[in-house]
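Chains as they are written, first to last, in this note's numbering: chain A, 1 to 203; chain B, 1 to 203; chain C, 1 to 203.
By construction, the Cβ of each residue, glycine as well, lies at the ideal position given by its N, Cα and C atoms.
Keep in mind it's a predicted model, so treat the numbers as computed, not measured.
These notes concern the structure reproduced below.
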Amino acid sequence: SISMISFFMPTNAFSKYDVDKNVSLGLNIDNLSKIMSRARDGESLIMKEHDNKLTLEFSGQSKRRFRTQLIDVRKSVDKEPSVQFDADVEINGETLKELVKDATIVSEYISLKATKDQFTIDCRGDSGELNEEHLSDGNSIKKIKTEKNAEATFNLQFLENMVKSCPAGNYISIGLKSNEPLKLTYKVGEAQITYYLAPYMES
Amino acid sequence: SISMISFFMPTNAFSKYDVDKNVSLGLNIDNLSKIMSRARDGESLIMKEHDNKLTLEFSGQSKRRFRTQLIDVRKSVDKEPSVQFDADVEINGETLKELVKDATIVSEYISLKATKDQFTIDCRGDSGELNEEHLSDGNSIKKIKTEKNAEATFNLQFLENMVKSCPAGNYISIGLKSNEPLKLTYKVGEAQITYYLAPYMES
Amino acid sequence: SISMISFFMPTNAFSKYDVDKNVSLGLNIDNLSKIMSRARDGESLIMKEHDNKLTLEFSGQSKRRFRTQLIDVRKSVDKEPSVQFDADVEINGETLKELVKDATIVSEYISLKATKDQFTIDCRGDSGELNEEHLSDGNSIKKIKTEKNAEATFNLQFLENMVKSCPAGNYISIGLKSNEPLKLTYKVGEAQITYYLAPYMES
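In structure tokens form, the structure reads like this:
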């Protein structure tokens, strides 16, 4: 599956933000996430780029400086796809996570369908079938806005990874159009995270 | 090891029970337990057989329908063995689970022995030996009823699996006769679960 | 890496201690720790040596006797190394455990350095570098006593295993001398545990 992630954090989410021109830093995600996992409650983080390396300094009871090599990202990053979606569903993150787990039991693919007042999923695999109907109830489904019915099929594993980081209680906005890429957006604190996932086409 | 399980749930455990003649449904246990693991607090479950498939519909905030293929069980199921046991031990489920864990440290087999007022176990393996004496104290061993002393040896792994589902606080009834199959019975809510396990005979 | 452990438990930590002459018992650590893991709250433990076997009897609601074969340790056990350390650092066990986890992200080795008022670590690996400065603040570093600066490099995996059993809230005493073995000491209840670890020398 073709997928893409876009992450935005406003400057006011930083206690100090001192960048005089646009910079692109290429980082190994695996290394970065290992380092970030070492952050502790109440620590401040200073990120500095110097000499093709990024220093991440955590300051609290002690000063802890991790330094990691930057990687080449001169090749321009892909633009976000500009799809005009037919349906917009606001779904509780937990509801979507559970729904994905249900689906994983029977298949590796999931069909998402949005109609005027209902969000349904369908899965079909060797071990069985699954069909779920979620009504727009203001709670697990906050709202559904449709131009016309929209339905497309996606890889479950990718979807599972994309919803994983949604904080409990937050809502995920789903942009859906028949046989077009899916757009998933949610907030993590001040930051906004957006995923795109191309539909699965049966050959 | 040869083993067998028998499960009984009274009709009053269902909010609605509508079966006009005896039916046997063959189900893949692995699929069934995956589906059942998706049940949520406060949901109701409707099971319907149709067209050689079983639909399991969970209803709560959403309607979730799993459908799974039935498998052929026309071949008659084995009858439960009719052993006249010499000893009947009522043991706390937790006590039995812990006792099995103790035994697993030294061996893959366990000898269970019931006398008038004592339930003992013996294990012997390459890394050591274990001997435990449990008195009929009205607590971990609620009671022991013996016609005569009974002792037999069983596969620990099977025993471990059989006691796993006993809810905390419940008692397990053990039917024991020298060198005969073991019978294990306990309640899970309204349901009653019974296991049989053939003894291990050293060749 | 060459490492060594020394464990001391005073006789008053036992409710009864009846040993009329020095005895050395050789035990398989793996077996012993499996057996000890079966101890339960409120049980008493009696250890008896007989006929080249050690019986460990747990008494509580039931009597549980594990018996394990002794192994030959006639060959004299190595003496503890007698290093005159240049630096003595008292560090909170949790601080040391976290510091080791930080280091594990970038390397398999860690350089420990003690100066008059600072304890620093340095790591360097394929995925990045780490440098930490811990001041003697009376809390995470209780105190640093130095004759002169001391610095040596150690295997992280061994260090991780050595600090693992330090109870939360306890302090670990580190004896450090440039390019000499490290000495780690902490208390577990009444017992005192001491580890030695030879430095890693880059070839």
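A straight-line Cα-Cα distance of about 10 Å links THR194 of chain B and ILE172 of chain B.
According to the DSSP assignment, GLU160 of chain B belongs to no beta strand (DSSP E) but to the alpha helix (DSSP H) extending over 156–163.
Take the alpha-carbon of ASN149 of chain A and the one of ALA114 of chain A: they are about 6 Å apart. Under the DSSP assignment, LEU27 of chain B falls outside any alpha helix (DSSP H); it carries neither an H nor an E label. Secondary structure remark: continuous beta strand (DSSP E) runs of at least 3 residues inside the region 102–159 of chain A, in chain order: 109–114, 118–125, 128–135, 141–146, 150–155.
By the rule that beta-carbons nearer than 8 Å mark a contact, LEU159 of chain C does not touch chain A. When the five nearest sequence neighbours on each side are left out, the beta carbons in the same chain lying within less than 7 Å of the beta carbon of ARG65 of chain B are those of THR55, GLU57, in order along the chain. Residues of chain A with a Cβ closer than 7 Å to the Cβ of LYS34 of chain B are, in chain order, ILE105.
When rounded, the separation of the alpha-carbon atoms in SER111 of chain B and GLU132 of chain B is 11 Å. Chain B has no Cβ within less than 8 Å of the Cβ of ASN170 of chain A. Approximately 6 Å separates the beta-carbon atoms of GLY60 of chain B and GLY42 of chain B; this is inside 8 Å, confirming the contact.
DSSP, read as helix, strand or coil, puts GLY93 of chain C in helix. By the Cβ-count criterion, TYR17 of chain B is exposed, with fewer than 16 other Cβ atoms from all chains shown falling within 10 Å of its own Cβ. Using a C-beta cut-off of 8 Å, the region 32–48 of chain A makes contact with the region 102–109 of chain C, since at least three inter-stretch Cβ pairs fall below that distance.
In this structure, DSSP gives ALA198 of chain C a state outside helix and strand, which the three-state scheme calls coil.
ASN52 of chain B is outside the set of residues whose beta carbon lies under 8 Å from a beta carbon in chain A. For SER62 of chain B, the closest Cβ of chain A is nearer than 8 Å. Residue state for ALA191 of chain C is assigned as strand, using DSSP reduced to three classes. Any Cβ of chain A closer than 8 Å to the Cβ of GLU151 of chain C would place that residue at the interface, and such an atom is absent. In this structure, the alpha-carbon of GLU151 of chain B lies about 5 Å from that of SER178 of chain B.
Residues of the same chain with a CB within less than 7 Å of the CB of GLU129 of chain C, apart from the 5 flanking positions on each side, are VAL106, CYS123 in chain order. Rounded to whole angstroms, the separation of the alpha carbons of VAL163 of chain C and LYS101 of chain C is 11 Å. For THR95 of chain B and SER140 of chain B, the gap between their C-alpha atoms comes out near 6 Å. Among the residues facing chain A, GLU90 of chain C is not included, as its CB has no counterpart in that chain under 8 Å away.
For ILE174 of chain C, the enclosing beta strand (DSSP E) stretches over residues 171–176. Using a CB distance below 8 Å, the part of the region 106–138 of chain A facing chain B consists of VAL106, SER127, GLY128, GLU129, LEU130, ASN131, GLU132, GLU133, HIS134, LEU135, ASP137, ordered along the chain. Where LEU54 of chain B is concerned, the enclosing beta strand (DSSP E) starts and stops at 53–59. A buried status is given to ALA87 of chain B, since no fewer than 16 other beta-carbon atoms sit within 10 Å of its beta-carbon.
With contacts defined by Cβ atoms closer than 8 Å, GLU180 of chain C and VAL89 of chain C do not form a contacting pair.
Contact with chain A is found for ASP102 of chain C, since one of that chain's Cβ atoms lies less than 8 Å from the residue's Cβ. C-alpha of ARG38 of chain A to C-alpha of LEU45 of chain A: approximately 11 Å in a straight line. Nearest CB-CB separation between SER37 of chain A and chain B: not below the 8 Å threshold.
Judged by DSSP in its simplified three-state form, LYS63 of chain B adopts strand. The Cβ-Cβ distance between SER6 of chain A and GLU98 of chain A does not fall below 8 Å.
Scanning its chain for C-beta atoms nearer than 8 Å, with the 5 sequence neighbours on each side dropped, one finds around LYS142 of chain C the residues GLU90, ILE91, ASN92, SER136, TYR171, in chain order.
Against chain B, a Cβ distance below 8 Å from ASN155 of chain C picks out nothing, because the smallest value is about 29 Å.
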